[in-house]
Amino acid sequence: MAKNPNKTPMRNQKPEERIHNFNEVPYGYSEEEALVEAERCLQCKHQPCVKGCPVEVPIPEFIDAVLAGDVEKADRIIKSKNNLPAVCGRVCPQEEQCEEVCVMGIKNEPVAIGRLERYVADYNLERECEPVEDKDMVTTYPEAKGRKVAVVGAGPAGLTAAADLAKYGFDVTIFEALHETGGVLRYGIPEFRLPKNIVDKEVNAIRELGVDIKLNTVVGKTITVDELFADGFEAMFIGTGAGLPRFLNIPGENLNGVYSANEFLTRVNLMKAYKYPEYKTPVIISDKVAVVGAGNVAMDAARTAKRLGAEEVYIVYRRAEEQMPARDEEIEHAKEEGIIFKLLNNPIAIHGKDGRVASMEVQEMELGEKDDSGRRRPVPIEGSKWELELGTVIIAIGQSPNPLLTRNTKNLKTEFWGGITVDDNLQTSREGVYAGGDVVTGAATVIKAMGAGKDAAANIKDYLISEGKKNE
Amino acid sequence: MYEILAKEELAPTIKKITVKAPLIAEKTRPGNFIILRVNEKGERIPLTVADYDKETGQVAIIFQEVGYSTKLLGSLDKGDHIHDLVGPLGHHLEMEGYKKVVLLGGGSGTALLYPKVKGFAESDAEVITITGARTKNLVILEEELRKKSDRLYISTDDGSYGHHGFVTDVLKDILENEEVDLVVAIGPVPMMRAVANMTEPEGIETIVSLNSIMVDGTGMCGACRVTIGGETKFTCVDGPAFDAHQVDFEELMNRLTFYQNEENMAEEMEVD
Numbered sequence: 001m002a003k004n005p006n007k008t009p010m011r012n013q014k015p016e017e018r019i020h021n022f023n024e025v026p027y028g029y030s031e032e033e034a035l036v037e038a039e040r041c042l043q044c045k046h047q048p049c050v051k052g053c054p055v056e057v058p059i060p061e062f063i064d065a066v067l068a069g070d071v072e073k074a075d076r077i078i079k080s081k082n083n084l085p086a087v088c089g090r091v092c093p094q095e096e097q098c099e100e101v102c103v104m105g106i107k108n109e110p111v112a113i114g115r116l117e118r119y120v121a122d123y124n125l126e127r128e129c130e131p132v133e134d135k136d137m138v139t140t141y142p143e144a145k146g147r148k149v150a151v152v153g154a155g156p157a158g159l160t161a162a163a164d165l166a167k168y169g170f171d172v173t174i175f176e177a178l179h180e181t182g183g184v185l186r187y188g189i190p191e192f193r194l195p196k197n198i199v200d201k202e203v204n205a206i207r208e209l210g211v212d213i214k215l216n217t218v219v220g221k222t223i224t225v226d227e228l229f230a231d232g233f234e235a236m237f238i239g240t241g242a243g244l245p246r247f248l249n250i251p252g253e254n255l256n257g258v259y260s261a262n263e264f265l266t267r268v269n270l271m272k273a274y275k276y277p278e279y280k281t282p283v284i285i286s287d288k289v290a291v292v293g294a295g296n297v298a299m300d301a302a303r304t305a306k307r308l309g310a311e312e313v314y315i316v317y318r319r320a321e322e323q324m325p326a327r328d329e330e331i332e333h334a335k336e337e338g339i340i341f342k343l344l345n346n347p348i349a350i351h352g353k354d355g356r357v358a359s360m361e362v363q364e365m366e367l368g369e370k371d372d373s374g375r376r377r378p379v380p381i382e383g384s385k386w387e388l389e390l391g392t393v394i395i396a397i398g399q400s401p402n403p404l405l406t407r408n409t410k411n412l413k414t415e416f417w418g419g420i421t422v423d424d425n426l427q428t429s430r431e432g433v434y435a436g437g438d439v440v441t442g443a444a445t446v447i448k449a450m451g452a453g454k455d456a457a458a459n460i461k462d463y464l465i466s467e468g469k470k471n472e
Numbered sequence: 001m002y003e004i005l006a007k008e009e010l011a012p013t014i015k016k017i018t019v020k021a022p023l024i025a026e027k028t029r030p031g032n033f034i035i036l037r038v039n040e041k042g043e044r045i046p047l048t049v050a051d052y053d054k055e056t057g058q059v060a061i062i063f064q065e066v067g068y069s070t071k072l073l074g075s076l077d078k079g080d081h082i083h084d085l086v087g088p089l090g091h092h093l094e095m096e097g098y099k100k101v102v103l104l105g106g107g108s109g110t111a112l113l114y115p116k117v118k119g120f121a122e123s124d125a126e127v128i129t130i131t132g133a134r135t136k137n138l139v140i141l142e143e144e145l146r147k148k149s150d151r152l153y154i155s156t157d158d159g160s161y162g163h164h165g166f167v168t169d170v171l172k173d174i175l176e177n178e179e180v181d182l183v184v185a186i187g188p189v190p191m192m193r194a195v196a197n198m199t200e201p202e203g204i205e206t207i208v209s210l211n212s213i214m215v216d217g218t219g220m221c222g223a224c225r226v227t228i229g230g231e232t233k234f235t236c237v238d239g240p241a242f243d244a245h246q247v248d249f250e251e252l253m254n255r256l257t258f259y260q261n262e263e264n265m266a267e268e269m270e271v272d
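First to last, the sequence lines map onto chains A and G.
Numbered according to the numbering used here, the first sequence spans residues 1 to 472.
Numbered according to the numbering used here, the second sequence spans residues 1 to 272.
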């Protein structure tokens, strides 16, 4: 039977409707669509897609289970490697990972692995299937029983590390600074891209593995790393992410109406300001909004501003179209929603009136010579400054690791830019303390952080069981 | 969930709530703050820890009912619960090495001043405290402050109690007659600015504690950014105490007004 050369399309909420609500944009596959798509998988023996996945999900096997109509089995196969499949099916950049190396993709479009992963995960979350562990897929170590491991941060890296450590048999506690779990999944990624009830369900599944989550606990302030070790924890994973917003350092950045993307998204997502005044945290959006930057966070901020009622939302970015770091899908969704792209434009000052933002002064740029990174460097076009009138500016040019923990922990080495220094095993300069995710790499993706959490969990297991440090 | 163990009205609209939070009580030092959320739909609001006891694991917060969230908090009673409480946050104050310290509290700022007065009382410094309020029945913590201070001055704007006038009048007198090596001022922004302007020509080290708008309180959002000596700092992780002579008070005042309309609107809605 000839296989369809193209991916089975995903049905989306129409742009003219969705800019007025926070409901999820793609609807997800129906059973029929999932079967049609599963049919396209070539079931390659050498499985390049698995190697393309940072957590090595057995992709052909789960797709085969979908095709056989056993979606519960498909879920168990995915969950043997990935503890957050409904999240990953939505926010992973599959086009640079599993789908990039898919053999089907050489001549045609690759198999829609991400969409199938989402289908499987949602199917099981909706039916509230018991998280049955396939005995062949998870190894539990009797030596792990009753031994305490601490995880700092309930974001993608921490949740993954905690789930794997719990599966190995350890007694795991996550310490989270905020009043909710999920980290960036909760405060950063908007509801219309990742519904929070999905995050709740996947986090609950991790709790059911026996993981204890202590909210409102800032490690480094409420309790220190040393105190946790004194308290009987034998090892620790730090996954505190990259939560410190960067600013442009241009005049006018402290005017009222200038938000960091982190603040803007935290107000809307974590604090639910989009439901103000039912929820009590306000957010102020003017008719005209500029988002500075062109990564996924910038797209999230722009699309959120649109949904909050802004009439004109601009993406202002100093580089060119092909240099935008956001996923193509996010850029496409933003364009469909009427976001206006002002590329090769560099903000140089924000001007105010009565203490509020009134306009942004922008310098037009053109691409010059290649720089060290191999990208053509944007250079100013002389005499081409212009002024964009607006009332809100959202700065989305990246985040750095939050120094709260490292500043308050002795002998924990960090890089000049604030990231925690680790060795090949993800161990920090302190014995038994491992770290991974954005706090080590700088801001990256959810799945890379999960990959690091998974590797760190395996290394912690080796450290506590296989090597030296046997239970005395 | 944190149960309210005791509640007291110190003055009309100024209330004290005590909760059990052993980890926070253990770690808090003068100058630290906490962030709380009254219920699951509430804002995260920063409040200075007014008192704490390692032995009992209790933490007290004193606050003035100025907006929706503080009024809601003030409507809770003993036995009710606060949904979330996190801390201690911010840097604590360094208190060693001073000979004579003047501490000024304006309005409910006096509540935030109290742990610092207590802290300095345990150091070698001579402690002079000045507390000011609009009128007599808004004067708070008088007995507590008197116990911990070598001298206590009280001023009221209307002259109904103590000195008739502002705390800065009292400070001016002291500075004219005595050698002071540190001034700490906590209260409304105009009061802190007035103190800073008075001590700057004398070159007296002066510390103010800022009440910026915050969301997470851990350095994540930058809502609390302030300009200190021309540089942007985050009140939550770099403060809340700063060198008063370096603070851009004008900008701080402007930033504090950003949500004024929303605040008024929220207040009009009934507290349930």
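Built from N, CA and C at the ideal position, the CB exists for glycine as well.
- Nearest residue (CA-CA) to G:Gly57, options G:Thr18, G:Ile34, G:Val66 and G:Val38: Comparing Cα positions, the closest option is G:Thr18.
- Pairwise C-alpha distance: G:Gly165 and G:Ile128: Spanning the two alpha carbons is a distance of roughly 18 Å.
- Output, in chain order, the set of chain G residues within a Cβ distance shorter than 8 Å of A:Thr414. Those within 8 Å of A:Thr414 in chain G number zero; the least Cβ separation is about 15 Å.
- Message: Between which residues of its own chain and A:Ala456 is the CB-CB distance below 7 Å, once the five residues before and five after are set aside?
- Response: Taken in chain order, the residues that qualify are Ala161, Phe237, Leu426, Tyr434 and Gly436.
- If you compare alpha carbons, which of A:Val313, A:Gln399 and A:Ala320 is closest to A:Glu364? Per the Cα distances, A:Ala320.
- Query: Counting Cβ pairs closer than 8 Å, one from the region 67-82 of chain A and one from the region 107-122 of chain A, do we hit at least three?
  - Reply: Cβ pair count under 8 Å is three or more, so yes.
- Query: In terms of residues, what are the limits of the beta strand (DSSP E) holding A:His351?
  - Reply: Start and end: Asn345 to Lys353.
- Message: Tell me which residue opens and which closes the alpha helix (DSSP H) that G:Thr168 is part of.
- Response: Start and end: Val167 to Asn177.
- G:Gly159 classed as buried or exposed, judged by whether at least 16 other C-beta atoms fall within 10 angstroms: Counting Cβ neighbours within 10 Å, G:Gly159 comes out exposed, since fewer than 16 surround it.
- Proximity winner among A:Ala157, A:Glu361, A:Lys167 and A:Arg115, relative to A:Thr140 (alpha-carbon distances): Among A:Ala157, A:Glu361, A:Lys167 and A:Arg115, the Cα nearest to that of A:Thr140 belongs to A:Lys167.
- Query: Residues in its own chain within less than 7 Å of A:Thr414 by CB, not counting five upstream and five downstream?
  - Reply: Leaving aside the five residues that flank A:Thr414 on each side, the residues in its chain whose CB is nearer than 7 Å to its CB run, in chain order, Thr406, Ile420 and Thr421.
- 8 Å Cβ cutoff met for G:Thr232 and A:Asn459: No, these two residues do not count as a Cβ contact at 8 Å.
- Item | A:Glu366 to A:Leu344 span [Cα, whole Å] | Linking A:Glu366 to A:Leu344 through their CA atoms gives a straight-line distance of about 6 Å.
- Query: Can you tell me whether DSSP reads A:Ala121 as helix, strand or coil?
  - Reply: Residue state, collapsed to three classes: helix.
- Query: Would you report the Cα separation of A:Phe170 and A:Glu234, rounded to the nearest angstrom?
  - Reply: Straight across, the Cα-Cα distance linking A:Phe170 with A:Glu234 is about 10 Å.
- Item | G:Met1, buried or exposed, once every other Cβ within 10 Å from all chains shown has been counted against 16 | The residue is exposed, with fewer than 16 neighbouring Cβ atoms inside 10 Å.
- Message: Quick check on this structure: which residue in A:Cys41, A:Ser30, A:Arg127 and A:Val66 has the alpha carbon closest to the alpha carbon of A:Ile106?
- Response: The alpha carbon of A:Ile106 has as its nearest neighbour, out of A:Cys41, A:Ser30, A:Arg127 and A:Val66, the alpha carbon of A:Cys41.
- For a contact meaning CB atoms closer than 8 Å, what does A:Met271 contact in chain G? Neighbours of A:Met271 on chain G, chain order: Glu43, Arg44 and Val215.
- Item | For A:Lys196, the first and last residue of its enclosing alpha helix (DSSP H) | Lys196 to Glu208 is the extent of the alpha helix (DSSP H) around A:Lys196.
- Task: Could you work out which residues of chain A lie near G:Ile14, taking near to mean beta carbons separated by less than 7 Å?
- Result: Think of a sphere of 7 Å around the beta carbon of G:Ile14: no beta carbon from chain A falls inside it, the nearest being about 22 Å out.
- Message: With the cut-off set at 8 Å, would you say A:Cys98 and A:Cys53 are in Cβ contact?
- Response: If you check the CB distance, A:Cys98 and A:Cys53 come in under 8 Å.
- Message: Determine, for A:Arg267, whether the minimum Cβ-Cβ distance to residues of chain G falls below 8 Å.
- Response: Interface residue, yes.
- Is the shortest distance between the beta-carbon of A:Asn197 and the beta-carbons of chain G less than 8 Å? Not one chain G Cβ lies under 8 Å of A:Asn197.
- Item | Among A:Gly243, A:Arg375 and A:Gly257, the one whose alpha carbon lies nearest that of A:Met324 | Out of A:Gly243, A:Arg375 and A:Gly257, the CA that lies nearest to the CA of A:Met324 is found in A:Arg375.
- Cβ of A:Tyr314 within 8 Å of Cβ of A:Val291? Going by C-beta atoms, A:Tyr314 is nearer than 8 Å to A:Val291.
- Message: G:Ile61 and G:Pro24 - do their beta-carbons sit closer together than 8 Å?
- Response: The question names Pro, yet the displayed sequence has Ile at residue 24 of chain G. Against a cut-off of 8 Å, the Cβ pair of G:Ile61 and G:Ile24 comes out as no contact.
- Message: So, for G:Glu179: in the same chain, excluding its five sequence neighbours on each side, which residues have a beta-carbon less than 7 Å away from its beta-carbon?
- Response: Cβ within range, chain order: Lys100.
- Assign A:Lys288 to one of two classes, buried (16 or more other C-beta atoms within 10 Å of its C-beta) or exposed (fewer than that). Buried, since its Cβ has 16 or more Cβ neighbours within 10 Å.
- Closer than 7 Å: is that where the CB of G:Arg255 sits relative to any heavy atom of the ligand FMN? No copy of the ligand FMN occurs in the structure displayed, which carries no ligand at all.
- Listing by chain order, which chain A residues have their CB less than 8 Å from the CB of G:Val59? Near G:Val59 there are no residues of chain A at all, since even the closest Cβ is about 12 Å away, more than 8 Å.
- Query: Going by beta carbon distance, what residues of the same chain come within less than 7 Å of A:Leu194, once the five residues before and after it are set aside?
  - Reply: For A:Leu194, where only same-chain residues beyond five positions count, the Cβ hits under 7 Å are Val87, Arg90, Val91 and Leu185.
- Message: I need the DSSP call for G:Asp272, collapsed to helix, strand or coil.
- Response: At G:Asp272, the pLDDT of 42 sits below 50, so the modelled position is not reliable; the number obtained from the coordinates is stated separately. Coil, per DSSP.
- Straight-line CA distance for A:Gly243 to A:Ala34? Looking at the two C-alpha atoms, the distance is approximately 36 Å.
- Message: Does A:Glu336 come out as helix, strand or coil in the three-state DSSP assignment?
- Response: Taken through DSSP and simplified to helix, strand or coil, A:Glu336 comes out as helix.
- Query: Under the rule that 16 or more other beta-carbon atoms within 10 Å means buried, what is G:Arg146, buried or exposed?
  - Reply: Flag for G:Arg146 reads exposed.
- Would DSSP call A:Lys221 helix, strand or coil? In this structure, A:Lys221 counts as coil in the three-state DSSP scheme.
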